[in-house]
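Here the structure comes first, spelled out in structure tokens, and everything after it is commentary.
Residue numbers (the working numbering), protein chains in the order written: chain A, 8 to 345; chain B, 178 to 791.
So, in structure tokens, the structure goes:
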């Protein structure tokens with residue numbers, strides 16, 4: 008995909024002429040800014056990027072990127088992106104979606120994209136609320152959430168996007184936060200670098216309908232104890248003094264204080280290729296006494312769908328030689344009328 | 178006793194049996210052989226939705242009808258001259274449609290007390306003489322015959338019993354003087370890995386053939402002369418296969434990659450199966466997770482410059498409707514095939530109907546016009562598929578192609594088309610020359626076709642964004658401007674209307690004026706044409722016009738309609754084309770509407786026509 012004659016781009020090359028229309032203070036601005044910072048340096052000619060989105064606040068994203076873009080219909084971006092990628096595997100294809108778009112109306116397409124492992128990059132802006140329809144609970148809203156459509160509290164048990172992605176057979180699962188600009192840049196680059204479907208959940212604050220949903224992870228005082236920064240091959244420690252860690256007690260994760268009783272050696276070491284660790288980490292989400300893991304939970308190599316498809320096609324062409332439809336028309340039991 | 182040979186013009190045979198009796202296969206072999214003999218023919222498979230309904234039950238009866246003739250024919254026939262009934266249930270279901278004086282050939286071994294009870298017979302109709310007054314009945318112990326034929330083969334009795342359809346086939350080959358060798362060759366290929374099955378089926382078929390020759394039960398053999406078809410090379414073709422070939426031909430002629438995305442659904446799945454096997458043509462097929470993903474993937478394919486195709490049936494179209502709207506506003510070329518079946522809801526999945534016309538015309542939110550083309554015969558599926566693709570790309574629009582269960586599974590002799598004879602299919606993608614002052618405008622238009630440029634990702638300088646929100650004229654930017662919306666709605670409508678300017682004049686079969694015009698669309702063409710031929714032969718002033726395009730209507734349709742005192746529109750629905758014709762042309766057209774899951778008979782059309790013109 009990385010072509011040889013790539014121009015040198017700046018951030019401005021990736022900004023379209025359309026004025027950005029998200030609410031002032033929306034987390035989406037930060038995500039757009041990081042993307043526009045990272046994309047010039049990915050080594051891909053601008054015309055080879057395609058952004059596909061569904062419906063929702065996040066799905067306006069393609070209008071603001073000066074690449075090829077398609078703002079489609081609610082929930083269907085993965086399906087449309089699949090057609091794009093399979094028809095032209097040379098393109099770098101990005102799906103921008105939200106918690107409602109990807110996990111509610113488009114849940115089916117999301118899981119099937121992940122299991123097929125097309126080389127498509129999914130950025131899921133998770134604000135745990137419906138923004139564009141003005142504030143109903145979403146499939147990632149917590150139980151009991153009071154919204155316009157749940158005046159007595161939501162009864163829905165929320166989806167955990169990362170657990171769902173892992174369950175669907177994703178080969179790359181990661182999470183970042185809108186306020187962590189540097190981290191987000193790294194995550195976007197890594198999404199691009201992963202061969203196969205990359206699934207990046209971005210905690211995104213909706214300051215109108217769900218302000219502070221990720222407050223503990225972004226507020227200065229609480230952040231250190233609320234975020235578990237993942238680094239491959241490194242022990243899972245957190246806290247201001249990096250003196251707290253995740254330890255496995257049997258199969259159960261527990262938080263330990265590093266000091267007299269527990270040392271760094273007792274702390275679980277992250278391994279991006281270990282499905283069990285990824286699964287365990289993803290399940291720390293929504294558990295108030297644990298920090299939320301941020302970073303790459305899981306990344307493995309696996310053949311992409313489009314590679315396998317092209318292999319079948321090339322095999323058949325190799326076996327049967329180049330064929331015209333006329334050959335097929337002429338085949339079979341024919342007879343001649345004089 | 179000598180056996181006489183009688184020459185006949187046409188014969189209708191219906192093979193009927195349990196789902197497990199191999200009736201479709203038997204009918205298929207008889208059809209291929211009849212094609213090789215050079216008769217004109219038309220077939221109608223009729224099978225249950227259940228894969229294996231309980232053996233012997235009425236619900237499990239599967240049938241295959243073939244009409245073959247020395248003349249040019251248009252339908253698989255109304256009433257069979259010959260019914261092959263492999264069990265009591267098959268007899269029960271189909272006997273009432275056999276022509277009085279016709280022949281019934283049955284497998285006596287299947288008429289057991291249990292099977293008779295399952296079919297609802299109190300007494301054995303093969304023995305109680307109830308059929309004798311109306312039909313010539315041949316009650317043959319086919320099960321016993323094949324057992325004897327395979328006696329020394331040491332095969333399980335069940336395996337031997339299953340060859341009885343080839344006994345019936347062999348007997349019919351003898352009665353109608355058809356060659357037997359091509360089916361032997363076919364068996365050798367079909368069961369290449371199971372030589373014992375090749376042998377057993379050949380023995381069964383020979384036994385059937387020889388049974389006719391030696392038993393002296395049959396006093397007459399029949400011959401049907403070759404049909405007088407235009408010179409050329411022919412093959413027999415089934416509708417879904419012809420359609421798949423048409424799509425592949427469109428890809429080859431245009432040089433576009435063919436991307437097919439779809440979800441399996443009866444009776445459209447064979448299109449997916451056929452294209453999936455043609456990887457050596459470079460065709461990409463994608464079995465999506467659902468109907469919506471099927472069309473979604475195709476829209477994506479069209480966005481990046483592939484020929485995007487999806488096929489489904491009515492329920493699938495319902496699910497694809499929102500995506501069709503997106504393709505319309507994004508102005509992307511794709512072809513959506515609806516192989517219609519009985520509805521509403523799951524309806525009659527394996528039976529034919531024409532009841533999705535209004536859905537195709539109007540079944541979307543907003544002002545969302547789409548061209549609608551319909552196939553008339555199994556072989557015509559090839560040409561309409563090609564034409565649908567060509568129009569989609571030329572006008573940058575999704576196109577709906579309507580066929581139906583009868584066309585999809587039915588077959589006819591087909592003069593093999595030559596790719597060179599098909600209309601040109603040139604494609605131009607937008608490039609730097611489309612830039613205006615260095616800027617690309619995705620919603621500029623070709624002056625004649627009103628098509629917008631096809632600007633595909635990967636083309637430097639043409640980066641742009643499209644989507645489902647109303648587009649601003651020229652720039653394609655999001656626009657909520659009232660005048661712009663009105664203008665864009667009108668422009669999209671005009672673009673579709675303009676397609677009619679390239680249609681050939683309608684063919685009027687008969688005089689250009691008269692007492693009655695029969696107007697048809699889709700798979701009823703054959704029944705209408707047969708009826709009109711007979712009415713004309715009777716001296717009636719009746720003509721026939723068939724519509725290939727239902728949207729837009731041909732420009733000359735209105736002036737044709739007003740030259741007839743009456744207009745009759747036979748449809749396998751409760752009156753759909755007639756609604757559009759009445760509202761477009763303000764004429765008092767009459768309908769003939771039957772929704773029985775099968776083609777309208779030409780005799781019913783004749784009768785209605787006679788009633789109308791008095």
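Heads up, the beta-carbon is just placed ideally off N, CA and C, and yes, glycines get one too.
Interface flag for residue 456 (chain B) against chain A is set, since a Cβ pair is found closer than 8 angstroms. Within the region 111–135 of chain A, the complete alpha helix (DSSP H) segments at least 4 residues long are 114–123, listed from N- to C-terminus. Secondary structure at residue 342 (chain A): strand, using DSSP grouped into helix, strand and coil.
Against residue 330 (chain A), the close residues of chain B are 455, 457 and 458, in the order they occur along the chain (beta-carbon pairs closer than 9 angstroms).
The C-beta of residue 108 (chain A) comes no closer than 8 angstroms to any C-beta of chain B. Listed in chain order, the non-local C-beta contacts of residue 232 (chain B) below 6 angstroms within the same chain comprise 195, local neighbours out to five positions each way being set aside. Rounded to whole angstroms, the separation of the alpha carbons of residue 370 (chain B) and residue 343 (chain B) is 19 angstroms.
With a cutoff of 8 angstroms on beta-carbon distance, residue 745 (chain B) and residue 693 (chain B) are scored as near each other.
Around the beta carbon of residue 306 (chain B), a 10 Å sphere encloses fewer than 16 other beta carbons of the protein chains shown; the residue is thus reported as exposed. For a Cβ distance threshold of 7 angstroms, residue set 90 of chain A lies close to residue 438 (chain B), ordered along the chain.
Residue 517 (chain B) sits buried, since 16 or more C-beta atoms from the chains shown fall within 10 Å of its C-beta. At a cut-off of 8 angstroms, the C-beta of residue 407 (chain B) has a neighbouring C-beta in chain A.
Sequence-distant partners of residue 453 (chain B) (beyond 5 residues in either direction) whose C-beta falls short of 7 angstroms from its own C-beta, in its chain, are 462. Residue nearest to residue 599 (chain B) within the set B:576, B:561 and B:627 is B:561 (criterion: CA-CA distance). Residue 763 (chain B) and residue 657 (chain B) have their C-alpha atoms roughly 36 angstroms apart. As DSSP reads the structure, residue 230 (chain B) sits in no beta bridge. When beta bridges are read from the DSSP output, residue 181 (chain B) appears opposite B:397. With distances taken between CA atoms, residue 446 (chain B) lies nearest to B:490 out of B:490, B:476 and B:479. For residue 581 (chain B), the number of other beta carbons within 10 angstroms of its own is at least 16, and it is reported as buried. For the options B:592, B:380, B:585 and B:735, the alpha carbon positioned closest to that of residue 336 (chain B) is the one of B:380.
Scanning chain A for C-beta atoms nearer than 7 angstroms to the C-beta of residue 503 (chain B) yields 79 and 80, reported in chain order. Taking 8 angstroms as the Cβ-Cβ cut-off, the region 647–665 of chain B approaches chain A at 654 and 655, given in chain order. In this structure, the alpha-carbon of residue 280 (chain A) lies about 5 angstroms from that of residue 307 (chain A). Distances from the CA of residue 203 (chain A) to each of A:49, A:158, A:305 and A:295 were compared; the closest alpha carbon is that of A:305. An exposed status is given to residue 325 (chain B), since fewer than 16 other beta-carbon atoms sit within 10 Å of its beta-carbon. For residue 461 (chain B), the enclosing beta strand (DSSP E) stretches over residues 461–464. Residues of the same chain with a CB within less than 8 angstroms of the CB of residue 228 (chain B), apart from the 5 flanking positions on each side, are 196 in chain order. The Cβ atoms of residue 590 (chain B) and residue 296 (chain B) do not sit closer than 8 angstroms to each other.
Taking CB atoms only, residue 70 (chain A) has a neighbour in chain B less than 8 angstroms away. Against chain B, the beta carbon of residue 341 (chain A) has neighbours under 8 angstroms at 410, 411, 412 and 593, listed in chain order.
Residue pairing by DSSP places residue 289 (chain A) in no beta bridge whatsoever. Your pair residue 777 (chain B) and residue 749 (chain B) checks out as a contact, with CB atoms roughly 6 angstroms apart and the cut at 8 angstroms. Following the DSSP letters along the chain, one finds residue 333 (chain A) in no beta strand (DSSP E) but inside the alpha helix (DSSP H) bounded by residues 332–337. The shortest CA-to-CA distance from residue 470 (chain B) to any of B:448, B:456, B:647 and B:501 is the one to B:501. At a cut-off of 8 angstroms between beta-carbon atoms, residue 52 (chain A) makes contact with chain B.
Rounded to whole angstroms, residue 137 (chain A) and residue 105 (chain A) show a C-alpha spacing of 9 angstroms.
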